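Enquirer: Per the numbering used here, residue 1316 is the first one in the sequence shown, and the count goes up by one each step. Think of the CB as a built atom: it goes at the ideal place given N, C-alpha and C, for glycine as much as any other residue. Note that the structure is predicted; figures quoted are calculated from it, not measured.
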Amino acid sequence: ALLPLAVPPAAAPGRCPSACYCVATPELAQCRYERLEEPPRELPAAVHNLSIAGSNLSVLPRAAFAARPLRDLRLLRLRHDNIHTIEDMALQGLPALRTLDLSHNPLLSLNQALLAAPLEEQLALALRNLTLRRLELAGNALRALPAALLPPGLEELDLRNNSLQRLAAAELRSLEAPELRGLRLTLGANPLSCDCALRPFLAWLRSAGSRVLDARSLRCAGPPALRGAALLRLRPEGLVCAGSEGGEPGQLETASYVFFGIVLALIGIVFLMVLYLNRRGIKRWLHNLREACRDQMEGYHYRYEQDADPRCASAVGTPGL
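1. Can you list, in chain order, the residues of its chain with a C-beta nearer than 8 Å to that of R1521? Leave out the 5 residues immediately preceding and following it.
2. Leaving out the 5 sequence neighbours to the left and right, which residues in its chain are closer than 8 Å to P1506 when beta-carbon positions are compared?
3. On the premise that A1378 lies in contact with R1394, defined as a C-beta separation below 8 Å, what is that separation, rounded to the nearest angstrom?
4. Measuring CB to CB, does R1386 end up less than 8 Å from P1410?
5. Roughly how many whole angstroms lie between the Cα atoms of S1508 and L1502?
6. Per DSSP, L1507 forms a beta bridge with which residues?
7. Take P1421 and list the residues in its own chain whose beta-carbon comes closer than 6 Å to its own, dropping the five residues that flank it on each side.
8. The alpha helix (DSSP H) spanning S1522 covers which residue range?
9. Can you tell me whether L1460 is helix, strand or coil according to DSSP?
10. Is it the case that the Cβ atoms of S1418 and A1453 are separated by a distance below 8 Å?
11. Do you know offhand how far R1449's Cα is from L1442's?
12. Rounding to the nearest angstrom, what Cα-Cα distance links E1471 and L1457 in this structure?
13. Quick one: what's T1414 bridged to in DSSP?
14. Can you list, in chain order, the residues of its chain with a C-beta nearer than 7 Å to that of A1381? Leave out the 5 residues immediately preceding and following it.
15. Rounded to whole angstroms, what's the CA-CA distance from Y1619 to Y1572? Just pull it up for me.
16. Could you check the C-alpha separation between E1357 and L1388 for me, to the nearest Å?
17. Just tell me which of L1375, R1392 and S1370 has its CA closest to the CA of H1363.
18. Apply the 10 Å Cβ neighbour rule to L1474 and answer buried if 16 or more other Cβ atoms are within range, or exposed otherwise.
19. Look up R1356 in the DSSP assignment and say whether it is helix, strand or coil.
20. On the CB-based measure, 16 or more other CB atoms within 10 Å of its CB, does W1519 come out buried or exposed?
21. I need the boundaries of the alpha helix (DSSP H) containing S1489, first residue and last residue.
22. Could you compute how far the alpha carbon of L1365 sits from the alpha carbon of L1390?
23. Report buried or exposed for D1396, applying the criterion of at least 16 other Cβ atoms within 10 angstroms of its Cβ.
24. For the putative contact between E1494 and G1524, defined by C-beta atoms under 8 Å, what is the C-beta separation to the nearest angstrom?
25. Where R1542 and L1581 are concerned, what is the direct C-alpha to C-alpha distance, given to the nearest angstrom?
26. Between P1466 and L1445, is the Cβ-Cβ spacing less than 8 Å?
27. Can you tell which of L1517, R1531, R1526 and R1534 has its C-alpha closest to the C-alpha of R1550?
28. Determine which residues share a DSSP beta bridge with E1471 and list them.
29. My assumption, with CB atoms under 8 Å, is that E1402 sits in contact with P1376. Please give the rounded CB distance.
30. Given this structure, state the Cα-to-Cα distance separating L1604 from A1570, to the nearest angstrom.
31. Please go through the same chain and pick out, in chain order, the residues whose beta-carbon is closer than 6 Å to the beta-carbon of L1372, but skip the five residues on each side of it.
32. Nearest to L1650 by CA position, among R1526, E1486 and L1460, is which residue?
33. Output the boundary residues of the beta strand (DSSP E) element that contains S1366.
34. Just mark L1464 as buried or exposed, buried being the case when its beta carbon has 16 or more other beta carbons within 10 Å.
Structural data, given as structure tokens:
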């Protein structure tokens, strides 16, 4: 895991945490941590940028950075740190924080029974009293826009590589709130489902496309007929409903096949009942058909014998005798 600390020129290498190996430059000190389980407590008070990556923080406790307030910290990156729980006011003591990166943490892999509040409420409480400008939540398996935790004045939100199938109408309305009018999103690498439920998002994307920085690169992940198609090239009437409201795509098609099979089974049953009820007439008809065929074959056989008799053939050849 790599921990870069951007400090002013006056900061001395000796002020780095004891667990770090520091390389001093006029504006940068780099510290390397291995298997870090909690945020370091011996950080320079004037640090501007702090990045902890690849550690095992697991839980970000209350006031995790408040032991020695970092009043000048503007950027905090906590990537790939196995964070699954963020406690209330975890970022207390960071009044100047503007960019928070929580990418690639199992924030949704939570045992809700062990938590006092759902994930969105945790984050909302943790971000309370902050004036963030950029929030990065890439690679966290999010299935919906975390509108409840977006602080007023947020300018950039990174939601790439999550599990978003669309932005629902309620989520789009939250983005139109006055305090979030300047928010810009990145949504690439999400499994967007291009069915009829995508129409509100598609309409919003066309009217406010400048707010989605990677709008031109968004592609459909399903259904198969539209896989890989660019969203901005789709027509609303081409987005068909693949399932019932709230159901999984393909349920309607499966129900159609089941109904068709039931109809065919009923037709077969009716046909067998007709045969059973008319079994005597059918038997009589088959007997008559067999007798007719037998008479016909006997007539053919008699003619064949007459033609094969040499006496008949001689009589036909010598009519004067």
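Expert: Taking the structure as given:
1. L1547
2. S1478, L1479, Q1480, A1536 and G1537
3. Rounded to whole angstroms, the Cβ separation of R1394 and A1378 is 22 Å, and the two are not in contact under 8 Å.
4. By the CB criterion at 8 Å, R1386 and P1410 fall inside the cutoff.
5. 13 Å
6. C1535
7. H1399
8. R1514 to S1522
9. coil
10. yes
11. 12 Å
12. 17 Å
13. L1390 and R1449
14. Q1407 and G1408
15. 58 Å
16. 14 Å
17. R1392
18. buried
19. coil
20. Classification of W1519: buried, given that the 10 Å Cβ count is 16 or more.
21. Segment A1484 to L1490, the alpha helix (DSSP H) holding S1489.
22. 6 Å
23. By the neighbour-count criterion, in which a residue is buried when 16 or more other Cβ atoms sit within 10 angstroms of its Cβ, D1396 is buried.
24. That belief does not hold up - the Cβ atoms of E1494 and G1524 are roughly 21 Å apart, past 8 Å.
25. 38 Å
26. Annotated as proximal: P1466 and L1445, with beta-carbon spacing under 8 Å.
27. L1517
28. R1449 and R1499
29. 5 Å
30. 45 Å
31. D1396 and I1398
32. It is not possible to answer for residue 1650, since the shown part of the chain is limited to 1316 through 1636.
33. N1364 to A1368
34. Burial call: buried.
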